[in-house]
Structure formats: C-alpha cells, structure tokens
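So for the sequence shown, my numbering puts the first residue at 31; every next one is plus one.
Note that beta-carbon positions come from the ideal geometry of N, C-alpha and C, so glycine has one too.
Predicted model only: the values in this text are computed from it and were never measured.
For reference, the structure is listed below as structure tokens.
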Amino acid sequence: MRKIWGVAKTEFVGWITNPRVIILGILLIFIKTLAIDTLAARAEKFGDTMIIFEPFIAVGNSGALTLFMPLVFLVLLSDYPKLGGSSLFSVSRTGKKNWLCGQILFLIMAIVTFLAAIFAASMLFSNGHFGTEWSEAIRKYNAQFPDEARSFDSNLLPSNLYNQIPMMTALWQTSVLLAAYLLSLALIIYLLKILFGGSSGLAGAVLVMALGTVTTALYSPIKWAFPTANTIIWLHYTEILSEPIYPMWASFLYFGLLLTLLAAANFIALKKLRFTEEK
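This is the structure in structure tokens:
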C-alpha cells in the first residue's frame, strides 16, 4: 500500500503544481458568469436568495457545462499517464500492478480536488444561504415569470430536477455521477495510451464524450449507452410525473460496470507494456 500511495502522491504533486492548472481558474470564472451569476440574478428578481448548494447542482446538470467541465479536466490530464524514462524507474521499484493502482488512486485524488474546487467556488459565489430544500426562487420562479420558463436560464435547473428529487439527494447524486464520469474518461485515456501511445487516449475520450453529447442533444435512446446522459440527473425524469423515464439505479449500475471493465482492461493491457521509451 505504501508503494501505491508513493506513486499517487508523486503524480498528484506534479499535477497540482503544473502551470496548466490555471485553466481550472478560467473554468471557475466561466461557471460563475454562465451559471452562478444567472441564478443569483433570477433569485434577486424573484425577491429571494439561493440555497448555497443549488449552483453546484445546476453546474453538474447543465448540458453546456457537463461538456466544458470534462474537456477542461481532460486537458489537465493530457500528459498522463507518463510512460517515459522517469516512469521506468518508478515501475522498477513498485511493479506494474502497484504502479497502475497508484495511477488510479492519483486519478481519484485529482477528480476529488477538481470537483471540490468547483463545489467550493459555487458556494462562495452564490451569495446564498444554507438549507436542505429547494429555494422558493427555484421552485416558483417560472410560475411568477412564465415568459421565461423555456429560456436557457430556466434550463440551468429544470423542473424535471426540482419537481422530482429532493435537493440533498440531487446534490450527492450529482457529485457521485460527475466523479464516475470523469474517472471513466480518465481510464479511457489510460487504456488507449497504454495500448497505442501518443495522444490516442485523449482523442478516444473526446470521441466518447462527443458521441454522448450529440446523442443526448438529439434525444436518441442510444444516449444511455454513453456516460454523458447517465451523468445528467434530470434526463431520467419527466417534468411532472413521478415515474422516471430511465431509472437512476441503472445509471449507477452502468458506471459500476463501466469502471470495473475499464480498470480490468487497463490491468490486462499493462502486462504487454514496455516502459523503455516515451509512448
């Protein structure tokens, strides 16, 4: 376990101190402008304030932001896994299996840090108050301003979400599904880079994300075969009826199976990998 932690710690320190992480700050500014300030303005117009958790739930369920967030994370992860000479020294000390376990632990640490930064910024910028139920501004805004019911602003937190799911349930489900989505993309990067080298991993992850985004935008039933649709909670429900379109348990099962298969595929591919040159 000490060897695994050593690999994870080394990779995480290198990742968090990389100048490229400044891109995360740009993402936070984008999130503030597109989502948080918009929701705050709606709450002010309604005469109320947001619950501090609502912006993060909106960010995790926005079609636009669930595209940009993974893209930014993939950019931050584009240098990994490092398969050059420095990795050869690490693998010789830890062994291939411990090295990959350390890499997966690093990915989990990076994802938690990435989402924690977005969560903290969402609460900080919200100017809202603590609560465990959806705010009046979210639940009743469209009724008071029906002309705005179909606007982009209203779709940040659609009625499929707040009419069907308690806010705290939506909060933990959004967090877990986003983490599973990012981890699945990261494992795709690792698998393809181990097999083919170069930028094949990044290209493969972007392709999976693009197909998921397109099929979701087209409301195709095929969308449930991709991680994107399974990540967005409100897609599972209708606006009014309590019966889900697609059960939430199926999405959790989907990610459980997907992550297990990707992890297993990485370990199988690792057996044939040689760390003698940069891939």
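{"query": "Bridge partner(s) assigned by DSSP for ILE81", "result": "HIS159"}
{"query": "Beta-carbon separation (whole angstroms), VAL51 vs LEU95, contact threshold 8 Å", "result": "Not confirmed; about 19 Å, so no contact."}
{"query": "Cβ-Cβ separation, LEU191 to ILE81 (assumed contact under 8 Å), whole Å", "result": "That pair is no contact at about 13 Å."}
{"query": "Where the alpha helix (DSSP H) containing SER205 begins and where it ends", "result": "197 to 226"}
{"query": "CB-CB length for ILE138 against LEU213, believed under 8 Å", "result": "7 Å"}
{"query": "MET198 versus TYR110 - alpha carbon distance", "result": "34 Å"}
{"query": "Same chain, Cβ closer than 6 Å to PHE285, neighbours up to 5 away in sequence not counted", "result": "ALA210"}
{"query": "Environment of MET31 [buried if 16+ CB atoms lie within 10 Å]", "result": "exposed"}
{"query": "Nearest candidate by alpha-carbon position, reference ILE53, set SER205, TRP129 and SER108", "result": "SER108"}
{"query": "For GLN133, three-class secondary structure by DSSP", "result": "helix"}
{"query": "Beta carbon of GLY231 nearer than 7 Å to that of ILE219", "result": "yes"}
{"query": "Buried or exposed by the 16-neighbour rule on C-beta atoms within 10 Å, applied to PHE160", "result": "exposed"}
{"query": "Candidates LEU104, LEU207 and GLY36: closest to LEU288 by CA position", "result": "LEU207"}
{"query": "Closest residue to ILE168 among ILE87, THR245, ALA240 and LYS127 (Cα-Cα distance)", "result": "ILE87"}
{"query": "Rounded distance between the beta-carbons of ALA259 and THR246, thought under 8 Å", "result": "5 Å"}
{"query": "Helix, strand or coil at THR261 according to DSSP, with G and I counted as helix", "result": "helix"}
{"query": "Distance, PRO196 Cα to GLU273 Cα", "result": "15 Å"}
{"query": "Same chain, Cβ closer than 7 Å to LEU130, neighbours up to 5 away in sequence not counted", "result": "ASN296, PHE297 and LEU300"}
{"query": "Close Cβ partners of GLN133 (< 8 Å) along its chain, the five nearest in sequence each way excluded", "result": "VAL37, ALA38, GLU41, TYR110, PRO111 and TYR220"}
{"query": "Limits of the unbroken alpha helix (DSSP H) element including ALA255", "result": "Run containing ALA255: none; DSSP gives neither H nor E here."}
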